[in-house]
Amino acid sequence: MEAFLPAFLLAYGTEWLNLIVRWLHLITGIAWIGASFYFVWLDNNIRPPKPGSELANKGVSGELWAVHGGGFYNPQKYLVAPKELPQELHWFKWEAYWTWISGFSLLIIVYYFNASAMMIDKSVADLSTLQAISIGLGTLIAGWAFYDLLCRSPLGKREGLFGSVMFLFIVAVAFVLSKLLSGRAAYIHVGAMIGTMMVGNVLMLIIPGQRKLVEAMQAGKSPDPIHGQKAKQRSVHNNYFTLPVLFIMISNHYAMTYNHSYNWLVLAGIIAAGVLIRHFFNLRHKGITNWAYPAAGLSLLLVVAIAIAPKPPVKRLAAAAGVTDVGEFSQVQAVIKQRCASCHSVQPSQPGFATAPAGILLDTSEQIHQNAAKLYQQAVVLKAMPIANLTEITEAERELIAVWYEAGAK
């Protein structure tokens, strides 16, 4: 008991840390994405002032009127910069920085602190904890390096070709990770890689470019418009990255995607759908409505959903499953006790878990019967549980659970 208590308190404390940091990540992510979406919408909706008007003479390239919260707003955008630098200038950067900081902290708390459960799947690759974490961190660094170099290359000026190459690169990374890490960890690291590209754009290009504009004005010089152009390019990239990253953020709830044998291809289809849907809205902000894009995106999602749909139950053969007394609850309960209850218990014995995942308890026969459908879905249909097959459940044991459930879970 003395040895158990510190381990339990550590796991419990880590769970609270997970909750608080995840909450922070959600809050800052909403702030960053909200600002990003708003400014892209603003750029696409501003209209140039009349030639010779007061606004045009001031160097305003576009403006619009809006009403919100009971007030009228009149944002204006200058072609490069106003003639005089205002005394108070608002910067949008900490939303991005804290989204990445909190997201990377979650990687450490959820995945790196418990890599054996969350990152390593020995049926995929028999890695050590150090190897798994190194692959994860290497993905973030290599992803940013490749993306940044591609942006700076001549290909960076050809939007369509650049987008295609980046898409293929992300899919290739997803494929490689799916052969090294658990499906869930592979997905989250693809998302973390894209998120690192996005915050890298803010930290390395957008904010430094804005600083150079301000510094030029403070020195009484005309700002070089190239800085604004580069920042705009990266901002647009971030806009298209957003929907794929948001999906990956919630993907851990949907094992049907990351646990599929072709999980990298599933992710590719969902990312492509997100980009198509985002492109529709970007065009619509400019006054162009092309329903072909959301139709293509939704069709792609439908194709993915159909392709990964679980096969309907078939009549199972006990002999093939290697079990006797098919459907006997005592056998099922023994399997669950050995393979599932170490996590799904009032007091989990599996290191790294202070409470049962999703609150599902499998200690008693009543709890097992109550959660029979979820047990069947996760252990048989999706094969998402046990996480990374930590407890080494066999196919015969999964088959036993299937036979029991399909016979009425009595």
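Its first residue numbered 417, the sequence shown is counted upward by one per residue in the numbering used here.
Glycine residues also receive a C-beta, built at the ideal position from the N, C-alpha and C atoms.
Round the Cβ separation of residue 452 and residue 658 to the nearest angstrom and send it over; I've been treating them as touching at under 8 Å. With a Cβ gap of about 7 Å, residue 452 and residue 658 count as contacting.
Keeping to the same chain, check which residues put their C-beta closer than 6 Å to that of residue 617; ignore five residues upstream and five downstream. Once the five neighbours on either side are set aside, the close Cβ partners of residue 617 are 650 and 654.
In this structure, does DSSP put residue 540 in helix, strand or coil? Reduced to three states, the DSSP call for residue 540 is coil.
Could you check the C-alpha separation between residue 497 and residue 625 for me, to the nearest Å? Going by the C-alpha atoms only, they are around 12 Å apart.
Would you tell me roughly how many angstroms separate the C-alpha atoms of residue 824 and residue 816, rounded to the nearest one? The alpha-carbon atoms of residue 824 and residue 816 are separated by roughly 13 Å.
Extent of the continuous beta strand (DSSP E) to which residue 488 belongs: Here the beta strand (DSSP E) through residue 488 covers 487–489.
7 Å Cβ shell around residue 548 - same chain, five flanking residues per side excluded: So the list reads 531, 535, 536 and 597, once near-sequence residues are dropped.
Please report the Cβ distance between residue 807 and residue 749, rounded to the nearest whole angstrom; I am assuming they are in contact, meaning their Cβ atoms lie under 8 Å. Wrong, their Cβ atoms sit about 15 Å apart, outside the cutoff.
Tell me the DSSP secondary structure of residue 825 in three-state form. Residue 825 falls in the coil class under three-state DSSP.
Spatial distance of residue 678 from residue 779 (CA atoms): Between the C-alpha atoms of residue 678 and residue 779 there is a straight-line separation of about 34 Å.
Through-space distance from residue 468 to residue 689, alpha-carbon basis: One alpha carbon belongs to residue 689, the other to residue 468, and they sit about 44 Å apart.
Report yes or no: is there a C-beta of chain D within less than 8 Å of the C-beta of residue 585? The structure shown contains no chain D, having only a single protein chain.
Which class does residue 678 belong to by DSSP, given the choice of helix, strand or coil? Coil, per DSSP.
Distance, Cα to Cα, residue 791 vs residue 757? If I take the Cα positions, the gap works out to 12 Å.
Which value, in whole angstroms, describes the spacing of the CA atoms of residue 737 and residue 819? Caution applies to residue 737, whose pLDDT of 47 falls short of 50 and renders its modelled position unreliable; the value that the coordinates give is listed next. Those two C-alpha atoms are separated by around 9 Å.
Rounded to whole angstroms, how far is the Cβ of residue 770 from the Cβ of residue 427, which I believe are closer than 8 Å? Residue 770 to residue 427, Cβ: 4 Å. Contact.
Under a Cβ-count criterion, where at least 16 other Cβ atoms within 10 Å of its own Cβ denotes burial, should residue 782 be classed as buried or exposed? So residue 782 ends up on the exposed side.
For the 8 Å Cβ check, are there 3 or more pairs between the segment 478–495 and the segment 503–510? Remark: fewer than three beta-carbon pairs, one from each stretch, lie closer than 8 Å, so the segment 478–495 and the segment 503–510 are not flagged as touching.
Could you compute how far the alpha carbon of residue 565 sits from the alpha carbon of residue 558? For residue 565 and residue 558, the gap between their C-alpha atoms comes out near 11 Å.
What's the C-alpha gap between residue 429 and residue 438? Looking at the backbone, the Cα of residue 429 and that of residue 438 are separated by about 14 Å.
Please go through the same chain and pick out, in chain order, the residues whose beta-carbon is closer than 6 Å to the beta-carbon of residue 796, but skip the five residues on each side of it. Here the set comprises 814, 817 and 818.
With respect to the beta strand (DSSP E) encompassing residue 478, which residues constitute its N-terminal and C-terminal limits? In the DSSP assignment, residue 478 falls within the unbroken beta strand (DSSP E) covering 476–479.
Classify residue 454 as buried or exposed, calling it buried when 16 or more other Cβ atoms lie within 10 Å of its own Cβ. Counting Cβ neighbours within 10 Å, residue 454 comes out exposed, since fewer than 16 surround it.
Have a look at residue 686 and residue 587 and give me their C-alpha separation to the nearest angstrom. Distance from the CA atom of residue 686 to the CA atom of residue 587, rounded to whole angstroms, is 11 Å.
Helix, strand or coil: which one does DSSP assign to residue 811? Residue state, collapsed to three classes: helix.
Do residue 449 and residue 527 have their CB atoms nearer than 8 Å? It is not a contact, given that the beta carbons lie outside the stated cut-off.
How would you label residue 600, buried or exposed, when you count the other beta carbons within 10 angstroms and need 16 or more for buried? Taking a 10 Å sphere around the C-beta of residue 600, we find 16 or more other C-beta atoms and assign the residue as buried.
Every unbroken alpha helix (DSSP H) within the segment 593–624, with a cutoff of 4 residues, ordered by chain: Entirely contained in the segment 593–624, the alpha helix (DSSP H) runs reaching 4 residues are, in chain order, 599–616.
Top-ranked residue by Cα proximity to residue 745, from 784, 608, 710 and 585: For the options 784, 608, 710 and 585, the alpha carbon positioned closest to that of residue 745 is the one of 784.
Those residues which DSSP pairs with residue 493 across a bridge: For residue 493, DSSP records a beta bridge to 478.
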